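Below is one structure, written out as C-alpha cells, with a few remarks after it.
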Amino acid sequence: MRNGAEILKLGTLTLVWWCIIFGAVWAACYIVGILIPMALTSYESDAARMTAETCRALTPILSVLVFIPINAMFMVLFERRGLAIFTVRLGPNRVGPDGYLQTAADAVKLLFKEDITPRGADAFMFTLAPIVFFAPSIFGAMPLLAAVTNYHELFQIANLPTGIFFILAASSVPVVGIVMGGWASNNKYSLVGGLRSAAQAISYEIPLVLSLVTVCLMAGTLDVVQIAKQQSGGILNWNIFGGGALRGLDQAISLKFSSSAPALQELSKSSFEQVLKSVYLEPTAQALGLGAGQEGLAGIIAAFAVVLLIGSIWIAYGLYMTGACAEINRIPFDLPEAESELVSGYNTEYSGIKFAIFFLAEFTNLFIVASIAAVMFFGGGDCPVPAWLGTALGGPQIASVINQALTPLIEIKLVDPPTLFATIWVILKVYSIVFFAVLIRGTLPRFRIDQLMDFGWKRLIPLSLIVFVLVVYAREFVNVHVGT
Amino acid sequence: MLALSLVTRAKDSLYQICRGLKTVAMHTFREPITQVYPDKMPDTNIRGRLALAVNPETSEHLCISCRQCERVCPDKCIEITAHKSPETNKLELIEFKIDHGLCMFCGLCAEVCPTSCIINTNDFEMSEYSREALVYDLRKLTLSQEESRYYFDRKEIPLPKPKPAKAAPAAAGAAKPAAAGKPEEAKSESEAKVADAKAADAKDAKEVKQADEPEKQTAAPEEKEETENKEGSDKSKD
Amino acid sequence: MSETPAAKPPEEPKGLGLCGQFLKDHGIATTRLPDSCGVETIEIDGAHLEAAMKLLRGSSEIKLDYLVAISGVDSADTFDSVYQLWSYTNNNELIIKVRVKKTDVVEGQLPLVPSLARFWSAANWHERETYDLVGIRYYGHPYLRRILNVWDWDGHPLRRDYKQLVDALNDKASGSMR
Amino acid sequence: MATDTEVDLTPRLKTDEMLINMGPQHPATHGVLRLILTLDGEIVRHTEPILGHLHRAQEWQGQNRTWFQYQALIDRVDYLSGMFTSWAMARAAEVVDGCEVPERAEYLRVMVSEMNRITSHLLWLGTYLIDLGAMFGFPFYPFREREKLLELFEEIAGQRMMFNYIRIGGVMRNPKDAWLSKLKRFTEEFPDRVDEYEAIVTQNPIFLKRTKGVGILRKELGMDYGITGPSIRASGVNLDLRRTKPYSVYPKLKFDVPLNDRDGDTFDRYIFRIREMRESNEIIKQCLDMLPQGEISGKKQIAGLRVKAGEGFAAVESPRGTLGCYIISNGSDRAYRIKWRNPSFCNLSILPELLKNHPIADVMAIFGSIDVILPDVDR
C-alpha cells in the first residue's frame, strides 16, 4: 500500500463531495417540501393550501435539478482522480483544497466562454441539440427517485406503474439530440459522429432492453419501486443473485441463527431442512408434476435451476452494462466522439455553455445508468447485510442508537431514517459501478464501427435472447419473487 | 460445435479483458510518479538559461570578449560589445546581450568558451510578458559569486586562476562591477581551445564573414571592432 | 565495420567495377567516377537510366532492389541526380549519378532527367523532393509536384544561386536582435 | 461494409464520393500531416498526403551552418530519436573524413542509441493506443518508463530530447558511475514493465480485432516502396542495418533481430516493436558490461571543426528504419551538400497504398502502425 495516502485522499474527497451534494439536495427538499408547507398550514386559506401542495409537488423536480449539476461536477472530478490513481499520477490537485474545486472552476470557465455558432450551422437546431440531449436525463431520473429514496412520500409523485419502461423511453431520446447536433454543426466529422451515434444507440438499445426485461420478468412488474421493494432483506435477495432464488436459503439460515440455544438445535436442524424443502422442492415437484418418491430428482432440478438462474442474471447484468456503456458513449463504445478519428465527433463545433450541457448530460447519463443497475440488480436502497447476520453483528442496537441520536431531527422531519440509509446505500452502489466504469475507461481501446455493429447484432442480441429464454424456464422451477 | 467454439472464445476474451483490468487496477497500489513541480523544484541537469559566471573566488568577471560564443551560436542570439582600453591595450567588455527568445539552448557557446564564463544554468523559468524582456543584458546575465561557485562545483569546472592584482583597478567601472577585464592567463587547456579556434578562423575568415553578412549589416561599426578584438586577443596570447 | 577512409586525392579507379561491368555486358555504357567512400560510383547517361535500373534491379546476382535515396546536387558545373542503390538480400552497393551540364540547360528551364517513379514506387517521393528543392525535372513522373514547400513557392532552395525572399512578417522587429 | 456485393442503386439513388480533410490540425496525425481522403461511404478510396507543414529547411541549414553548429540542429530532424540523427551524420562525416572513433565512444553511442530506441518505441506505443481509443489509462504507463530514460538523457547530455550528444568523432561527455548504475537498474526492471504492457494490450480482444488483418503490407510492395525498419521486418524482409551492414560495435553484441514469416499486418508491426524494445534492453545490458575505458572523442570538438573533402553515404538503423545521411564536403568548415534519407519520409509514401479500401476508422490504426514522425518527414 505505497499509495495509501492517495487512496485516502480520494476517499475523503468523495465523502466531502457527497456531503455537499446531499446537503444541497436535502436543504432544497426540506425547505420546499416540508418547511414551507408546514409554515403555510397556519394560514387556513385555499391559496395557502394550494401553494403548499405546489411546493410538495415541485420537490422531486427540484431535488433532481439541484442534484444533477452538482453530482456531475463531482463525477468528473471522481473520474479524473480515479484515472489518476490507476495511472500512478496525482490528478487535479491545485484548485481549492487538494483540487476539490477543480471541476467547479471548469464549469464556471465553460459558462463564461464564448458561445460560438459556426457559420453555415443551423442555429436553431444547433441550440436545441444540447437541450434535447440533456432533458431526457431529468425525465429518466424521476421514476427512479422514489425507488432510491425508499419510497418516501415526498418523492412519490412520478411513481409510474410502468417505471422502467418510461426510463428506457426517456434514455433513448438523447440520441436525437446527438444526431441533431451533428447535423446542425455543418461539419463532416460531426455529421459522421451523429450518424454513428444513431446506429450505435439503436443497435445497443436491444440487448439493454432485453436484459432489463429479463429482470422485469423475474420481478413480475415494470414498477421500479416494486422491484426495489421485492429485493429488500439482504444481499441474498437481490436480483443479481437470482431475484429470490436464494430466499429459501436465506430463510433457512436465519432460522438456524435465531435458534442459538442448544436445546433447540435439533428442532432447528429439522426446520432448516423443512424450509429448504418447502421453498425449493415442493414448487419444483409441483411444476413438474412429480410424485412424493421423486424428491431427489426434484432437488437436483431445483438446484440446477437456481444455478442457471443466477448465471443467467449475471450474464444479463453484463449485457446491461455493455449496452449501457454503448448507450452513453463511453469507452470502449465512444465512437460518436472517437477522438482519433472524428476529432470530437458530434460536439466538435460546440463551445461554452452548450458544450457544458453536453458534458453534464454525459455524466448524468452515466449516473442514471448506474442507478438503474443499482435498482434493478443490486436491490436499490437495500442494506446488503442479511437480517440474520445483521442481528448477529448487533445491527438493531446500532440502529436504535442512531435513531436515538437522530430523534430531535426526526421530530422536525429533517431526517427520515429509512430514506437516509436507503440513499446512502444507493449512492455507494452507484459509485461502485461508476468506479468500475472508470477502470474500464482506463484499460480498453475502442471498437471499430463495423465491429461494434457485428458485436451488437451478432453476439449481444442473440445472447440476450438466450438469457431471456433461460430465465423464463428457470423461474418456473424456482420460487422467485413472484407470489411471495 | 460452433456454439462451443463461440463460448470458448467469449470466455478467452473475457479472461483477457479481466487480466488487463486487473493489471490496471493493481496500479492503484503503486506510488504516484508525479513531480509536484512548483512545490518541489526538480533537480535537473538541463542546459537551461545562459548566464555569465564570475570567478567564484575573486568575483571578477570571467568574460574576455573573445567572441567565440557569438561566432559559434547557430541562432546568432549573442551580441557582444567591447572596446579596447587605451591604457592596457586590452579588450574591455561593455555590453553582453543574449536573446533568450532566439536561443535554442544547444550549449555550444558554453562549450567553446575558453574561460568557462558563459554557462548553462539549471534555471528554466524564464517566462516574460514580452519578447523584449527575453533579451538579457550584462547585468541580468551575470551571476553572483555564490551562484558561480555553485555552478562551478556542480559542473565540475576547474576554478580559474585569479587575475594578477594590477588589472583590478582598471576594471573598476563603478556602475558595473561585474564588467571586469579578462584574466591574463587562461588555463592551458582553454588557451589551446582559443588557439585552435583562432587558427580555424584565420583560415576561412572570409567565408565566415560572408555567412555573417546579413547580421553584420546592421552593426557595421562593429566589423572594425572585431578585427581589432582579434588582434587584441592574439596579442594577449603572446 | 564498413568504415573505409576516403580516397584522399581522388585517384582514378582502374577499370570497371562489378556493376559497371555488368551493365557493360548488357550493352549500357557507364563512366566510372572516383569511389565515394569505398562504394562504386558510376555516371550514366540519362537516356539509359531506366534500362540500367531495370537491369540492376532484376538481375539475380546483383539485385540492387533497394532504392535508398535520390539526391539532387547543384555541383559546380552540373546538376547531379544521385541514386543510392542497396540490396535487400546481399551487400552490394552502388551510387549512380546522372549529370546534366549547366550549359546544356536552356535558360529559364529546369534540367531534365528521366523519372523512375513509374516502375519503382520508392522513387516517387524522392523525385518530387528533389524537384522541389534542387529543381531537377524528372520527365515521365506521374505527379511531379512540390512536396515539402508549398505549391506556389518561388525557386528551388537548395540551388546555389537561390536567394531567400525577404519575409515582411518575420523581418527585424525593433526589439528583437534578429 | 458490404462493398463488393453492393446492390446497384445508381439509377434511383445518387451517391457521391466525399472528400475529407484529415489534418493538418487533427488530434491523431502525430503532428501536422494533412490527408485528403476520398471516401465512398466510410471506405477510403484514395489518399493524398500533403506534407511540408513542418518543413524547416534542415538541408539548407546544413549548407549554411558550420559542422559544429549543425550538429546541434540535427537532433530536431527526428526529435524522438535525436541520437540516431546525430549518429547518422556523425557516421557519414567520419566515413568521409576517415577519422577513428574510440571504442569507448562507440559503446556509449550504442548504449544511448538503444536507450533512445526504447524511448521512441515507448512513445509510439502510448500514442498508438491513443489512436486506437485507449485514451486515458494505458498511454501513461509507457510514458512513465520513458520519463526515466529521459531523466538519464538529461543527466548525460544536458537535455531530454535535443541531446547534441553524439558528435563527429565521438561523444560529448563521459557518463558518471552513478549514471551507469542507474541505467543498470532501469534495464533490470524494464522487462517486467514490458510484460505489464503486454498483459494489458497484446491479448486484448478489442485490440486484436482492431489490428489483426488490418493494413497488410505485402513484402514485395514494401520493397518496392523502400520501406525500412520494424515495419518491413514485420513483413519478413531481413533488413536491419545493425546486422546486414554492421557498423560500430554491433558485431560484438548478441541480440536477435525478430523476423516475420508472412506479410505483416498492424498487429505484427506492434509486436515487433515490443520485441525490439526487449532486444534493445539486452543490448544496453551487454554494453554496460563491456564498456571499456579510454578516450571518448577521436576529433577535437572545436568551433572550426572540419571534414575532409569527399562524399559519402552512411546510415544507421533508427527506430523507424534506415536513417541515412549523404554528405558532400569540400573541405571547409561547412558541408557542400547534406541530404537526409529519412525513414519516415519513405515509409509514409506507402500510406495511400495501405489505406486503400479500408474504413476510415482504420486510417489511424494503419497510419499509427507505420510509426511516422512528422518532423522527420518534413525536415
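Residue numbers (our numbering), protein chains in the order written: chain A, 47 to 530; chain B, 3 to 240; chain C, 68 to 245; chain D, 259 to 637. Built from N, CA and C at the ideal position, the CB exists for glycine as well. Just so it is clear, the structure is predicted and the values come from calculations on it, not from any experiment.
Item                                                                                                                                                                                          : Value
Does B/A135 come within less than 8 Å of chain A when only Cβ atoms are used?                                                                                                                 : no
Using beta carbons (cut-off 8 Å, strictly below), is C/N191 in contact with chain D?                                                                                                          : yes
Just to make sure I have the definition right: I need the residues of chain B whose C-beta is within less than 8 Å of the C-beta of A/R135. Which are they?                                   : P34, I35 and T36
Report the start-end ranges of each alpha helix (DSSP H) in the segment 469–527 of chain A that is 4 residues or longer and not cut off at the edges.                                         : 495–500 and 507–523
Spell out whether any CB of chain B is found under 8 Å from the CB atom of D/Q321.                                                                                                            : no
Taking Cβ-Cβ distances shorter than 7 Å, what residues in chain D pair up with C/A136?                                                                                                        : G582, Y584, K597 and R599
Taking a contact to mean a Cβ-Cβ separation below 8 Å, would you say D/P463 touches B/S7 in this structure?                                                                                   : no
According to the neighbour-count rule (16 or more other Cβ atoms, all chains shown, within 10 Å of its Cβ), is D/I560 buried or exposed?                                                      : buried
Is the separation between the beta-carbon of D/M548 and that of D/Y365 shorter than 8 Å?                                                                                                      : yes
For A/E125, decide whether its Cβ has a neighbour in chain B, counting only Cβ atoms nearer than 8 Å.                                                                                         : no
Should A/G502 be listed as close to the ligand NAP, given that the test is whether its C-beta is under 7 Å from any heavy atom?                                                               : The ligand NAP is not among the ligands present in this structure, which contains no ligands whatsoever.
Identify the contact partners of B/V114 in chain A, using a Cβ-Cβ distance below 9 Å as the criterion.                                                                                        : Ordered by position in chain A, no residue passes the 9 Å Cβ test against B/V114, which lies about 41 Å from the chain.
For A/M96, count neighbouring Cβ atoms within 10 angstroms of its own Cβ and tell me buried if that reaches 16, exposed if not.                                                               : exposed
DSSP on D/A573, reduced to helix/strand/coil?                                                                                                                                                 : strand
Tell me the DSSP bridge mates of B/N122?                                                                                                                                                      : B/L52
Taking contact to mean at least 3 C-beta pairs separated by less than 8 Å, is the segment 53–64 of chain A in contact with the segment 134–151 of chain A?                                    : yes
Can you check the segment 349–407 of chain A for any alpha helix (DSSP H) of at least 4 residues that lies completely inside it and give the ranges in chain order?                           : 385–388
Output the distance between the C-alpha atoms of D/M419 and C/I109, rounded to the nearest integer angstrom.                                                                                  : 39 Å
Per DSSP, what kind of secondary structure is D/M369 in: helix, strand or coil?                                                                                                               : helix
Identify the residues that DSSP records as bridge partners of D/G522: which are they?                                                                                                         : D/L475
Under the three-state reduction of DSSP, which class applies to B/E186: helix, strand or coil?                                                                                                : Confidence at B/E186 is low in this model, with a pLDDT of 40, below 50, so the placement of that residue is unreliable and no value is reported for it.
The alpha helix (DSSP H) that contains C/Y155, what's its start and end?                                                                                                                      : Taken as a continuous stretch (DSSP letters only), C/Y155 belongs to no alpha helix (DSSP H), as it is neither H nor E.
Return the chain-ordered ranges of every alpha helix (DSSP H) run that is complete within the segment 97–156 of chain C and spans a minimum of 4 residues.                                    : 116–125
Buried or exposed for C/S103, please, with buried defined as at least 16 other CB atoms from any protein chain shown within 10 angstroms of its CB.                                           : buried
Return the chain-ordered list of same chain residues with a C-beta closer than 6 Å to the C-beta of B/A188, the five sequence neighbours on each side being excluded.                         : Confidence is the limiting factor: at B/A188 the pLDDT is only 38, short of 50, which leaves the residue's position unreliable, though a coordinate-based value still follows. Only P116 and T117 meet the Cβ criterion.
Enumerate in chain order the residues of its own chain whose CB-to-CB distance from B/G22 is below 8 Å, with the five nearest sequence positions on each side excluded.                       : none
How big is the Cα-Cα spacing for A/A94 and A/A103?                                                                                                                                            : 14 Å
Looking at C-alpha atoms only, which residue of D/I624, D/F398 and D/L410 is the closest neighbour of D/K442?                                                                                 : D/L410
Please go through the same chain and pick out, in chain order, the residues whose beta-carbon is closer than 6 Å to the beta-carbon of C/P178, but skip the five residues on each side of it. : F146, V167, V172 and I203
Does the beta-carbon of C/H93 have 16 or more other beta-carbons within 10 angstroms, so that it is buried, or is it exposed?                                                                 : exposed
From what residue to what residue does the beta strand (DSSP E) around D/H304 run?                                                                                                            : I301 to I308
Within 8 Å (strictly less), CB to CB, does B/C20 reach chain D?                                                                                                                               : no
Keeping to the same chain, check which residues put their C-beta closer than 8 Å to that of D/Y594; ignore five residues upstream and five downstream.                                        : Q321, I586, S587 and N588
Got a sec: is the Cβ-Cβ distance from B/L23 to anything in chain A below 8 Å?                                                                                                                 : yes
Is any beta-carbon of chain B found at less than 8 Å from that of A/I131?                                                                                                                     : yes
In chain C, what lies closer than 8 Å to D/Y483 by C-beta?                                                                                                                                    : S188 and A189
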